[in-house]
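Engineer: Before we start, here is the structure in question, set down as structure tokens.
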Amino acid sequence: MSSGYDRVVQPAAGDEALENHLGGDEARNYRQYEFDMVAPHVGRSMLEIGSGLGHFAEQFLPRLDRLVVSDFDPYCVEQLEKRFAGRDDISVLQFGLPTDIPLEDKVDTVVMMNVLEHIEDDAEALRSLARVTLPGGRIIIWVPGYMQLYGDFDRKVGHVQRYTPKTLRATVAKAGLDVEVLKPINFLGGLAWWVAVRRGGVGYPDPRLVKIYDRTVVPLTRLIERFVRVPFGQTVLCVARVPKQR
1 MSSGYDRVVQ PAAGDEALEN HLGGDEARNY RQYEFDMVAP HVGRSMLEIG SGLGHFAEQF
61 LPRLDRLVVS DFDPYCVEQL EKRFAGRDDI SVLQFGLPTD IPLEDKVDTV VMMNVLEHIE
121 DDAEALRSLA RVTLPGGRII IWVPGYMQLY GDFDRKVGHV QRYTPKTLRA TVAKAGLDVE
181 VLKPINFLGG LAWWVAVRRG GVGYPDPRLV KIYDRTVVPL TRLIERFVRV PFGQTVLCVA
241 RVPKQR
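Residue numbers are given in UniProt numbering: position 124 of the sequence shown equals residue 124, and the series is strictly consecutive.
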């Protein structure tokens with residue numbers, strides 16, 4: 001089995017931070033949007049892939065009995081160990097996908113936010129996760145959507161691809177998982193991204209524009225998506241189930 005990330009395009013140090021701009025202080029509404037979309041599908045034990053500095057995973061602690069955070073980057077792992085030091089209910093792992101994940105006790109939920117698009121052998125990465133997920137458990141996948149939005153930013157941060165519901169469904173099926181939820185989200189964000197990055201030639205998000213976007217577009221997007229199933233979006237969300245009979 002692969003030791004992990006030998007078939008993934010890795011961003012240069014520093015460039016990876018650009019990818020998380022929408023999760024920074026400029027985008028608190030967007031961070032809440034991410035959490036609110038994912039949280040209803042999370043059980044009592046959770047493994048997060050690509051935890052970074054741990055901000056996102058930490059939000060789930062009040063509802064969890066057990067949390068496992070992980071990252072491939074040694075600096076992030078070091079910071080995670082400092083952040084969660086002294087917590088018996090929290091473990092920190094370092095690995096890259098696909099690999100045999102060093103986790104003895106399986107979890108009922110895996111969360112991967114903006115990770116799968118970096119991995120060339122994405123189906124094998126999902127198989128790696130399925131092996132440490134309880135039968136009937138969920139793997140929540142959040143990925144950038146639609147190759148029409150692929151641009152310099154994607155190349156800079158090491159995206160192998162952007163997904164559609166159709167291509168993500170094919171990957172999930174290839175990994176032997178069942179689809180519970182699969183849909184594009186952040187419709188207005190997708191349009192804004194296309195205008196700014198694809199048509200406007202912006203190489204990375206401007207923090208000032210991100211702040212404006214967060215205060216205006218994100219709340220409107222959330223309102224629209226409460227009532228309308230959108231046909232397109234900046235992101236594709238999938239909740240996959242590990243079959244009960246494996």
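The C-beta atom is built at its ideal place from N, Cα and C for all residues, glycine as well.
On the criterion of 16 or more Cβ atoms from any shown chain inside 10 Å, does D36 qualify as buried, or is it exposed?
Structural biologist: Here residue 36 corresponds to residue number 36 of the sequence shown, with the count starting at 1. Label assigned to D36: exposed.
Engineer: By how many angstroms is the C-alpha of L67 removed from the C-alpha of D152?
Structural biologist: Taking the first residue of the sequence shown as position 1, residue 152 is located at position 152. Taking the first residue of the sequence shown as position 1, residue 67 is located at position 67. Between D152 and L67, the C-alpha separation is close to 35 Å.
Engineer: Which partner residues of S71 appear in the DSSP bridge assignment?
Structural biologist: Within the sequence shown, the letter at position 71 stands for residue 71. The amino acid at residue 71 is misidentified as Ser; the sequence shows Asp. BP columns for D71 point to Q94.
Engineer: Under the three-state reduction of DSSP, which class applies to Y33: helix, strand or coil?
Structural biologist: If you number the sequence shown from 1, residue 33 lands on position 33. The answer is helix: DSSP assigns Y33 an H, G or I state.
Engineer: Could you check what DSSP says for L47 in three-state terms: helix, strand or coil?
Structural biologist: As a first step, residue 47 must be located in the sequence shown, where it is residue number 47. Note: L47 maps to strand in three-state DSSP.
Engineer: Identify every residue that forms a DSSP beta bridge with P184.
Structural biologist: The sequence position of residue 184 within the sequence shown is 184, counting from 1. Answer by DSSP bridge pairing, in chain order: V236.
Engineer: Comparing C-alpha positions only, which one of L97, V143, I119 sits nearest to V132?
Structural biologist: Position 132 of the sequence shown holds residue 132. Cα-wise, what sits closest to V132 is L97.
Engineer: For Y150, which three-state DSSP category applies?
Structural biologist: The sequence position of residue 150 within the sequence shown is 150, counting from 1. If DSSP states are grouped into helix, strand and coil, Y150 belongs with coil.
Engineer: Check whether the Cβ atoms of E138 and H55 sit closer than 8 Å, and answer yes or no.
Structural biologist: Residue numbering aside, residue 138 sits at position 138 when the sequence shown is read from its first letter. Residue numbering aside, residue 55 sits at position 55 when the sequence shown is read from its first letter. The question names Glu, but residue 138 is Arg in the sequence shown. Taking 8 Å as the Cβ cut-off, R138 and H55 do not qualify as a contacting pair.
Engineer: In this structure, how does DSSP classify I140 when only helix, strand and coil are distinguished?
Structural biologist: For the purposes of this step, residue 140 is taken as the residue at position 140 of the sequence shown. Of the three classes helix, strand and coil, the one that applies to I140 here is strand, per DSSP.
Engineer: For the alpha helix (DSSP H) containing D108, name the first residue and the last one.
Structural biologist: For the purposes of this step, residue 108 is identified with residue 108 of the sequence shown, where counting begins at 1. Here D108 belongs to no alpha helix (DSSP H); instead the beta strand (DSSP E) covers 107 to 113.
Engineer: Look up R63 in the DSSP assignment and say whether it is helix, strand or coil.
Structural biologist: The residue given as residue 63 occupies position 63 in the sequence shown. It is helical.
Engineer: Could you spell out the range, first to last residue, of the alpha helix (DSSP H) harbouring H55?
Structural biologist: What you label residue 55 is simply residue 55 of the sequence shown in a count that begins at 1. From DSSP, the alpha helix (DSSP H) with H55 extends over 55 to 58.
Engineer: Considering Cα atoms alone, identify which of K211, Q245, S128, P184 is closest to P231.
Structural biologist: Position 231 of the sequence shown, counted from the first residue, corresponds to residue 231. Checking every option, the nearest Cα to that of P231 belongs to P184.
Engineer: Suppose you measure from the CA of L22 to the CA of D105; what does that come to, to the nearest Å?
Structural biologist: Mapped onto the sequence shown, residue 22 falls at position 22. Mapped onto the sequence shown, residue 105 falls at position 105. With a pLDDT of only 44 at L22, under the threshold of 50, the placement of this residue in the model should not be trusted, and no figure is reported.
Engineer: In whole angstroms, what is the alpha-carbon distance linking R87 and L220?
Structural biologist: For the purposes of this step, residue 87 is identified with residue 87 of the sequence shown, where counting begins at 1. For the purposes of this step, residue 220 is identified with residue 220 of the sequence shown, where counting begins at 1. Cα to Cα, the separation comes out at about 38 Å.
Engineer: Excluding the 5 residues preceding and the 5 following G145 in the sequence, name in chain order all residues of the same chain whose CB lies nearer than 7 Å to its CB.
Structural biologist: In the sequence shown, the residue the question calls residue 145 occupies position 145. Only R162, Y163, T164, P184, G190, G233, Q234, T235, V236 meet the Cβ criterion.
Engineer: With H, G and I counted as helix, E and B as strand and the rest as coil, what does DSSP make of L134?
Structural biologist: Position 134 of the sequence shown, counting from 1, holds the residue named residue 134. L134 falls in the strand class under three-state DSSP.
Engineer: Tell me, please, whether the segment 63 to 82 touches the segment 42 to 54 by the rule of three or more beta-carbon pairs shorter than 8 Å.
Structural biologist: Touching, per the Cβ criterion.
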